[in-house]
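Structure record follows, encoded as C-alpha coordinates.
Residue numbers (the working numbering): 3 to 204.
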(Lines of atoms letter the chains of each structure in order from A and count residues from 1; the text may use other names and numbers.)
(Lines give C-alpha, C1' and ligand atoms only; values in the text may rest on other atoms or scores of the structure.)
Protein backbone atom coordinates (compact mmCIF):
# COMPACT_ATOMS: atom_id res chain seq x y z
CA UNK A 1 0.00 0.00 0.00
CA UNK A 2 1.64 3.20 -1.14
CA UNK A 3 2.05 6.29 1.01
CA UNK A 4 0.24 8.37 -1.62
CA UNK A 5 -2.77 6.06 -1.67
CA UNK A 6 -2.87 5.93 2.13
CA UNK A 7 -2.87 9.72 2.30
CA UNK A 8 -5.63 9.84 -0.32
CA UNK A 9 -8.01 7.52 1.53
CA UNK A 10 -7.35 9.35 4.81
CA UNK A 11 -8.19 12.63 3.10
CA UNK A 12 -11.39 11.15 1.65
CA UNK A 13 -12.51 9.77 5.02
CA UNK A 14 -11.77 13.09 6.73
CA UNK A 15 -13.75 14.93 4.06
CA UNK A 16 -16.70 12.56 4.42
CA UNK A 17 -16.63 13.03 8.21
CA UNK A 18 -16.98 16.76 7.70
CA UNK A 19 -19.99 16.57 5.39
CA UNK A 20 -22.99 18.32 6.84
CA UNK A 21 -26.36 19.56 5.70
CA UNK A 22 -28.34 22.74 6.05
CA UNK A 23 -30.17 22.47 9.33
CA UNK A 24 -33.78 23.72 9.38
CA UNK A 25 -32.98 26.19 12.15
CA UNK A 26 -30.33 27.78 9.91
CA UNK A 27 -32.90 28.58 7.24
CA UNK A 28 -34.37 32.09 7.59
CA UNK A 29 -37.98 32.23 8.68
CA UNK A 30 -38.49 35.37 6.65
CA UNK A 31 -39.17 35.47 2.93
CA UNK A 32 -36.15 36.18 0.73
CA UNK A 33 -35.62 37.82 -2.62
CA UNK A 34 -33.81 35.96 -5.41
CA UNK A 35 -30.37 37.42 -4.65
CA UNK A 36 -30.72 36.53 -0.99
CA UNK A 37 -31.68 32.96 -1.89
CA UNK A 38 -28.64 32.42 -4.13
CA UNK A 39 -26.34 33.99 -1.53
CA UNK A 40 -27.74 31.80 1.25
CA UNK A 41 -27.37 28.61 -0.78
CA UNK A 42 -23.86 29.57 -1.87
CA UNK A 43 -22.75 30.14 1.72
CA UNK A 44 -24.39 27.02 3.13
CA UNK A 45 -23.33 24.55 0.42
CA UNK A 46 -19.92 25.94 -0.55
CA UNK A 47 -18.23 22.84 0.90
CA UNK A 48 -19.89 20.65 -1.74
CA UNK A 49 -18.41 22.47 -4.74
CA UNK A 50 -15.85 20.60 -6.81
CA UNK A 51 -14.25 23.78 -8.13
CA UNK A 52 -14.13 27.17 -6.48
CA UNK A 53 -15.73 28.86 -9.49
CA UNK A 54 -18.72 26.49 -9.54
CA UNK A 55 -22.12 27.99 -8.75
CA UNK A 56 -24.41 26.26 -6.29
CA UNK A 57 -27.51 27.94 -7.61
CA UNK A 58 -28.19 30.71 -10.12
CA UNK A 59 -31.20 32.87 -10.92
CA UNK A 60 -31.58 31.03 -14.21
CA UNK A 61 -31.67 27.66 -12.44
CA UNK A 62 -34.34 28.84 -10.00
CA UNK A 63 -36.47 30.29 -12.81
CA UNK A 64 -36.14 27.04 -14.77
CA UNK A 65 -37.18 24.98 -11.75
CA UNK A 66 -40.32 27.09 -11.42
CA UNK A 67 -41.05 26.82 -15.16
CA UNK A 68 -40.60 23.05 -15.03
CA UNK A 69 -43.00 22.74 -12.10
CA UNK A 70 -40.27 21.63 -9.72
CA UNK A 71 -40.54 24.67 -7.49
CA UNK A 72 -43.74 26.46 -6.49
CA UNK A 73 -43.83 30.03 -7.76
CA UNK A 74 -42.60 32.76 -5.41
CA UNK A 75 -45.09 35.15 -3.86
CA UNK A 76 -44.41 38.74 -4.92
CA UNK A 77 -40.90 37.68 -6.01
CA UNK A 78 -40.11 36.39 -2.53
CA UNK A 79 -39.19 32.86 -1.50
CA UNK A 80 -40.25 31.25 1.77
CA UNK A 81 -38.48 28.75 4.01
CA UNK A 82 -40.43 26.02 2.19
CA UNK A 83 -39.04 27.21 -1.13
CA UNK A 84 -35.53 26.87 0.25
CA UNK A 85 -36.21 23.34 1.51
CA UNK A 86 -37.41 22.31 -1.95
CA UNK A 87 -34.33 23.91 -3.54
CA UNK A 88 -32.06 21.92 -1.21
CA UNK A 89 -33.73 18.67 -2.25
CA UNK A 90 -33.40 19.67 -5.92
CA UNK A 91 -29.74 20.52 -5.43
CA UNK A 92 -28.92 17.02 -4.18
CA UNK A 93 -31.16 15.19 -6.66
CA UNK A 94 -30.07 17.04 -9.80
CA UNK A 95 -26.61 15.48 -9.85
CA UNK A 96 -28.03 12.00 -10.34
CA UNK A 97 -31.62 12.33 -11.57
CA UNK A 98 -33.32 13.83 -14.61
CA UNK A 99 -35.71 16.78 -14.29
CA UNK A 100 -38.58 14.40 -15.09
CA UNK A 101 -37.56 12.03 -12.29
CA UNK A 102 -37.23 14.88 -9.80
CA UNK A 103 -40.72 16.05 -10.76
CA UNK A 104 -42.13 12.58 -10.12
CA UNK A 105 -40.44 12.47 -6.73
CA UNK A 106 -41.02 16.01 -5.49
CA UNK A 107 -44.40 16.98 -6.95
CA UNK A 108 -46.39 14.78 -4.51
CA UNK A 109 -44.39 16.33 -1.66
CA UNK A 110 -44.94 19.94 -2.73
CA UNK A 111 -48.58 19.29 -3.68
CA UNK A 112 -49.45 17.96 -0.24
CA UNK A 113 -47.00 19.50 2.22
CA UNK A 114 -45.93 22.87 0.80
CA UNK A 115 -47.46 25.52 3.11
CA UNK A 116 -49.26 22.75 4.98
CA UNK A 117 -51.03 23.74 8.19
CA UNK A 118 -50.82 20.19 9.49
CA UNK A 119 -48.21 18.86 11.90
CA UNK A 120 -46.56 16.96 9.06
CA UNK A 121 -45.28 19.77 6.88
CA UNK A 122 -42.29 20.28 4.60
CA UNK A 123 -40.00 21.23 7.49
CA UNK A 124 -40.80 18.08 9.45
CA UNK A 125 -40.26 15.93 6.33
CA UNK A 126 -36.88 17.60 5.78
CA UNK A 127 -35.90 17.06 9.43
CA UNK A 128 -36.93 13.40 9.31
CA UNK A 129 -34.99 12.65 6.12
CA UNK A 130 -31.82 14.45 7.13
CA UNK A 131 -31.85 13.02 10.67
CA UNK A 132 -30.45 9.85 9.06
CA UNK A 133 -27.40 11.75 7.79
CA UNK A 134 -24.99 11.05 10.67
CA UNK A 135 -25.63 7.29 10.65
CA UNK A 136 -25.34 7.11 6.87
CA UNK A 137 -22.00 8.92 6.89
CA UNK A 138 -20.59 6.27 9.22
CA UNK A 139 -21.94 3.52 6.94
CA UNK A 140 -20.40 5.27 3.94
CA UNK A 141 -17.00 5.52 5.62
CA UNK A 142 -17.00 1.79 6.34
CA UNK A 143 -18.00 1.01 2.74
CA UNK A 144 -15.29 3.30 1.38
CA UNK A 145 -12.63 1.67 3.52
CA UNK A 146 -13.82 -1.82 2.56
CA UNK A 147 -13.74 -0.97 -1.16
CA UNK A 148 -10.34 0.63 -0.81
CA UNK A 149 -8.93 -2.44 0.92
CA UNK A 150 -10.48 -4.68 -1.74
CA UNK A 151 -8.84 -2.59 -4.47
CA UNK A 152 -5.48 -2.80 -2.73
CA UNK A 153 -5.57 -6.58 -3.20
CA UNK A 154 -5.84 -6.30 -7.00
CA UNK A 155 -3.04 -6.24 -9.59
CA UNK A 156 -0.53 -7.78 -7.20
CA UNK A 157 1.29 -9.35 -10.17
CA UNK A 158 1.56 -6.07 -12.12
CA UNK A 159 4.92 -4.27 -12.36
CA UNK A 160 5.57 -2.49 -9.08
CA UNK A 161 5.77 0.95 -10.65
CA UNK A 162 2.30 0.45 -12.20
CA UNK A 163 0.51 -0.97 -9.18
CA UNK A 164 -0.45 2.32 -7.50
CA UNK A 165 -2.38 3.60 -10.51
CA UNK A 166 -4.00 0.22 -11.23
CA UNK A 167 -5.13 -0.17 -7.61
CA UNK A 168 -6.53 3.35 -7.69
CA UNK A 169 -8.30 2.50 -10.95
CA UNK A 170 -9.83 -0.56 -9.24
CA UNK A 171 -11.02 1.60 -6.36
CA UNK A 172 -12.70 4.07 -8.72
CA UNK A 173 -14.31 1.20 -10.66
CA UNK A 174 -15.76 -0.24 -7.45
CA UNK A 175 -17.19 3.14 -6.46
CA UNK A 176 -18.52 3.74 -9.96
CA UNK A 177 -20.27 0.36 -10.06
CA UNK A 178 -21.84 1.11 -6.68
CA UNK A 179 -23.09 4.50 -7.92
CA UNK A 180 -24.36 2.96 -11.17
CA UNK A 181 -26.32 0.25 -9.36
CA UNK A 182 -27.83 2.64 -6.82
CA UNK A 183 -28.78 5.11 -9.54
CA UNK A 184 -30.47 2.32 -11.50
CA UNK A 185 -32.39 1.21 -8.41
CA UNK A 186 -33.51 4.80 -7.74
CA UNK A 187 -34.69 5.19 -11.33
CA UNK A 188 -36.63 1.91 -11.23
CA UNK A 189 -38.26 2.94 -7.96
CA UNK A 190 -39.26 6.30 -9.42
CA UNK A 191 -40.64 4.52 -12.50
CA UNK A 192 -42.84 2.43 -10.23
CA UNK A 193 -44.09 5.62 -8.54
CA UNK A 194 -44.94 7.04 -11.94
CA UNK A 195 -46.75 3.87 -13.01
CA UNK A 196 -48.80 3.82 -9.81
CA UNK A 197 -49.68 7.51 -9.89
CA UNK A 198 -53.52 7.63 -9.78
CA UNK A 199 -53.48 10.98 -11.61
CA UNK A 200 -52.05 9.25 -14.68
CA UNK A 201 -54.47 6.36 -14.63
CA UNK A 202 -57.54 6.77 -16.75
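Glycine is no exception: its CB is placed at the ideal position from the N, C-alpha and C atoms. Keep in mind it's a predicted model, so treat the numbers as computed, not measured.
Checklist entry - Three or more C-beta pairs closer than 8 angstroms, one from the region 176-185 and one from the region 136-156: is that the case here? => result Flag = yes, the region 176-185 and the region 136-156 touch.
Checklist entry - Which of the three DSSP states, helix, strand or coil, is assigned to residue 34? => result Strand, per DSSP.
Item to check | Three-state secondary structure (DSSP) of residue 80 | outcome: Strand at residue 80.
Checklist entry - Is residue 191 helix, strand or coil by DSSP? => result Looking at residue 191 - three-state DSSP - the assignment turns out to be helix.
Checklist entry - Using a Cβ-Cβ cut-off of 6 angstroms (strictly less than) and excluding sequence neighbours within five positions of residue 34, which residues of its own chain qualify? => result So the list reads 81, once near-sequence residues are dropped.
Next on the checklist: Among 12, 103, 7, whose alpha-carbon lies nearest the alpha-carbon of residue 194?
Outcome noted: For residue 194, the nearest C-alpha among the options comes from 103.
Checklist entry - How would you call residue 77, buried or exposed, if buried means at least 16 neighbouring beta carbons within 10 angstroms? => result Per the 10 Å Cβ criterion, exposed.
Checklist entry - Is the region 116-134 close to the region 157-166, with three or more CB pairs under 8 angstroms? => result Too few Cβ pairs lie closer than 8 angstroms, so no.
Checklist entry - Going along the chain, which unbroken runs of the alpha helix (DSSP H) with 4 or more residues stay wholly within the region 147-201? => result For the region 147-201, whole alpha helix (DSSP H) runs of length 4 or above, ordered along the chain, are 162-197.
Next on the checklist: Within 10 Å of its beta-carbon, does residue 62 have 16 or more other beta-carbons around it, so buried, or fewer, so exposed?
Outcome noted: Classification of residue 62: exposed, given that the 10 Å Cβ count is below 16.
Checklist entry - Of the residues 169, 24, 55, 51, which one's Cα is nearest the Cα of residue 42? => result Of the listed residues, the one whose Cα sits closest to residue 42 is 24.
Next on the checklist: Just to confirm the assignment: which complete alpha helix (DSSP H) runs, minimum length 4, are found wholly within the region 116-144?
Outcome noted: DSSP runs (the alpha helix (DSSP H)) wholly in the region 116-144: 124-132.
Checklist entry - For residue 39, which residues of its own chain have a beta-carbon under 8 angstroms away from its beta-carbon, when the five flanking residues on both sides are left out? => result Cβ within range, chain order: 59, 64, 81, 85, 86, 89.
Checklist entry - What is the DSSP secondary structure of residue 53, counted as helix, strand or coil? => result Coil.
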